[in-house]
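The next block holds one structure in the form of C-alpha cells; read it before the comments.
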Amino acid sequence: MSVVLLVAGAACRQREEAPKPPPPAPPVVAAKPVAPPVVPASADSALVARGRYLAESVLGCVGCHTERDYGRFGGPVSGPVLAGACFGEEWEMPGTLCAPNITSDPEHGVGRWTDEQLLRTLREGYGRDGRTLFPMMPYMEWRTTLSDGDARAVVAWLRTVPAVARATPPSKLLPEVTAEIQDLAAPLPGPVAEPAADPIARGRYLATVAQCAFCHASADEEPKPFAGGRAAPTPFGAEPIPSLLPGGPVMKGLDEDAFVARFTAFKDLGAAPSRKGQVNKLAMPWQAFASMKEEDLRAMYRFLKTQGTPTRRASGQ
C-alpha cells in the first residue's frame, strides 16, 4: 500500500472520530450592582448660601424632615437636622407619613441621588422610585412658582448637609389615599422664571413658596388665598389659622416695622411648654421665618397689603 493511501486513510479516520468535547465553561459569577456615585457638592458658594437660606428660613424643609420637641413652644428641633421625622394620627394623617432622611448620607439620605432626581421630587412630586409623594411635600405649590435657579440652589445646599446614617421608616398610608394622590405628581410645564425685582412681586413669590397663601387660605370648597378660616391639626388640638388680608385680625392696624418685629421676636424660642389652647404654638413655623431677611419680610408685608378683604374669620379668632 502506498504512503499516499495510508495518509489519506488516516485523515478519513480522523474525520470519522467524534470531536472532543469543549472544555467546561468557567462558572458564571453574578456581577454585583454598582452603586451610583456620590454626587459632589457644588463649588458655587453663593448658590449654596442661597439654597441654605431658602431651605432653612423660607421653604420649611427643616420643620418637616427633622424631629422636633412638640412639648415646647414652636416645636424646636430635637433630632439630627434633616435626618427624617414621622407624623401619625396625632396630626390627623391618613396613616403614618414619614418625611425621609435628606442629608448627604449615601445610603440612607440623598447622597447618591442625581440633581435631576432631586429636582423632580422638589417640584414635580415624584420619588426616586417614581411613586407619587403625599402632598404634605408642597410640590404642587412649588411646581410653577419656585424658580429654576432657586430649585437648583436648594439641591446644591442639600449636597453640603452633614450625612446622618439613619434610616427613616417607610410611610404607611391608607390604600385608598395612595390611590387618590396618584394624579397629583406631574412634570413641569416649562421653565420657571425668577420673580420680578420689585418688592411686591418678590413678596408675592415668597408668600407663595413659603406656603402662606396655602395655610392661611379660607376653608371654602374653593379656598381664597390669605382669607383665613382653616384649623391646623396638632398633637395639642386644632390651631385656628387667621386671615392675612389687610382688614383681618393680624394685618389690620399693623405697620411694616411691627410686622417685621412680629417675626424677629421669635429668633430665640424659649423653653416654655405648650399648653392646650395656646394659639400658634406649633402650626406657625416662627423660628424658621424669624431668620428671614428683613428686606424679604418687608416685601411680604407690602404684597399682603395689596390683597383683598377677609371673607370669614378663623374659628377662635
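Residues in the sequence shown are numbered from 1 upward in steps of one, following UniProt numbering.
For each residue, glycine too, the CB sits at the ideal point set by N, CA and C.
Burial state of residue i, where buried means 16 or more other Cβ atoms lie within 10 Å
i: GLU239; result: buried
i: LEU174; result: exposed
i: ASP183; result: exposed
i: ASP129; result: exposed
i: GLU56; result: buried
i: ALA85; result: buried
i: SER243; result: buried
i: SER78; result: exposed
i: THR234; result: buried
i: ARG15; result: Only weak support is given to the placement of ARG15: the predicted model assigns it a pLDDT of 39, under 50, and the value that follows is read from those uncertain coordinates. By the 10 Å Cβ count, ARG15 comes out exposed.
i: GLY308; result: exposed
i: LYS281; result: buried
i: ASP268; result: exposed
Pairwise C-alpha distance: residue j and residue i
i: VAL155; j: GLU222; result: 33 Å
i: ILE181; j: GLY60; result: 22 Å
i: ARG143; j: LEU254; result: 32 Å
i: PHE73; j: ARG262; result: 15 Å
i: VAL177; j: PRO94; result: 7 Å
i: GLY125; j: GLY71; result: 31 Å
i: SER315; j: GLY229; result: Model confidence at SER315 stands at a pLDDT of 43, short of 50, so the residue's coordinates are unreliable and nothing is read from them.
i: PRO40; j: TRP286; result: 33 Å
i: VAL58; j: ASP220; result: 26 Å
i: ALA151; j: ALA46; result: 14 Å
i: residue 318; j: ASP105; result: Beyond the ends of the chain as shown, which are 1 and 317, falls residue 318; an answer cannot be given.
i: residue 379; j: ASP148; result: Since the first and last residues shown for the chain are 1 and 317, residue 379 lies out of range.
i: MET136; j: PRO195; result: 24 Å
i: LEU245; j: GLY190; result: 31 Å
i: THR306; j: ASP198; result: 14 Å
i: ALA217; j: PHE226; result: 5 Å
i: LEU82; j: GLU107; result: 14 Å
i: ILE200; j: VAL250; result: 19 Å
i: ILE102; j: GLY75; result: 20 Å
i: ARG52; j: THR66; result: 15 Å
i: GLN117; j: LYS252; result: 43 Å
Secondary structure of residue i, DSSP reduced to three states
i: VAL38; result: coil
i: THR96; result: strand
i: ARG128; result: coil
i: PHE263; result: helix
i: PRO235; result: coil
i: VAL77; result: strand
i: PRO240; result: strand
i: SER45; result: helix
i: GLY248; result: coil
i: ARG15; result: Low confidence applies here, because ARG15 scores a pLDDT of 39, under 50, leaving its location unreliable; read the following figure in that light. Here ARG15 sits in helix by DSSP.
i: LEU146; result: coil
i: HIS65; result: helix
i: ARG230; result: coil
i: PHE289; result: helix
i: SER104; result: coil
i: MET300; result: helix
i: SER113; result: The sequence given here has Trp at residue 113, not Ser. If DSSP states are grouped into helix, strand and coil, TRP113 belongs with coil.
i: PHE214; result: helix
i: GLY51; result: helix
i: ILE200; result: helix
i: ALA10; result: Low local confidence applies: a pLDDT of 39 at ALA10 is under 50, so the model's placement there is unreliable, and no value is given.
i: GLU221; result: coil
i: GLU194; result: coil
i: MET140; result: helix
i: LEU188; result: coil
i: LEU118; result: helix
i: ASP257; result: helix
Which residues DSSP lists as bridging residue i, in chain order
i: PRO162; result: Paired residue(s): none; PRO162 is not in a bridge.
i: LEU173; result: GLY95
i: CYS86; result: CYS98
Decide yes or no for the touch test of the region 201-217 against the region 291-307: beta carbon pairs closer than 8 Å, at least 3 of them.
The answer is yes - the region 291-307 touches the region 201-217, with three or more Cβ pairs under 8 Å.
Within the chosen definition, does the region 106-119 reach the region 143-163 through at least 3 CB pairs nearer than 8 Å?
Yes: the two stretches touch, three or more of their Cβ pairs being nearer than 8 Å.
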